[in-house]
Amino acid sequence: MKRKKGTAFLVAVRQKREAVRVYAVIAHSETDALDRMRALAIDGMQVEITGSLSRDLVRRLDLKPSEIRLI
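Here the sequence shown stands for residues 1 to 71, numbered as in UniProt numbering.
As structure tokens, this is what we get:
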């Protein structure tokens with residue numbers, strides 16, 4: 001049986017007096033993507049899903065399953 005691949009979610013990270021940063025996170029669900037980003041966030045940071053990337057774009061960016069990349 002083929003293993004289901006994750007989706008590349010776009011997660012916005014907001015911090016007071018800083019520019020919004022958007023990361024591509026490969027995860028199986030939105031909740032999983034948010035949990036992974038919250039684990040890296042420090043106090044005062046807010047994270048939210050802002051969209052997703054197509055499979056073609058994931059391939060072009062060469063994103064790996066466990067990777068979190070600043071976009």
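Don't be surprised by glycine CBs; every beta carbon is placed ideally from N, CA and C.
Less than 7 Å between C-beta atoms, sequence neighbours within five positions excluded: which residues of the same chain meet that for residue i?
| i | result |
| --- | --- |
| residue 63 | 8, 24, 26 and 69 |
| residue 53 | 8, 10 and 24 |
| residue 44 | 15 and 16 |
DSSP three-state call for residue i: helix, strand or coil?
| i | result |
| --- | --- |
| residue 13 | strand |
| residue 48 | strand |
| residue 20 | coil |
| residue 34 | helix |
| residue 39 | helix |
| residue 61 | helix |
Assuming residue i contacts residue j under a Cβ cut-off of 8 Å, what Cβ separation, rounded to an integer in Å, is found between them?
| i | j | result |
| --- | --- | --- |
| residue 47 | residue 13 | 5 Å |
| residue 49 | residue 61 | In fact, because the Cβ distance is near 18 Å, the residues do not count as touching under 8 Å. |
Just to confirm my understanding: we take residue i, look at its own chain, exclude 5 residues before and 5 after, and list those with CB closer than 8 Å. What are they?
| i | result |
| --- | --- |
| residue 37 | 11, 13, 23, 25, 47 and 68 |
| residue 30 | 9 and 49 |
| residue 65 | 5, 6 and 26 |
| residue 20 | 12, 13 and 14 |
Per DSSP, which residues does residue i bridge with? Please list them.
| i | result |
| --- | --- |
| residue 7 | 27 |
| residue 70 | 23 |
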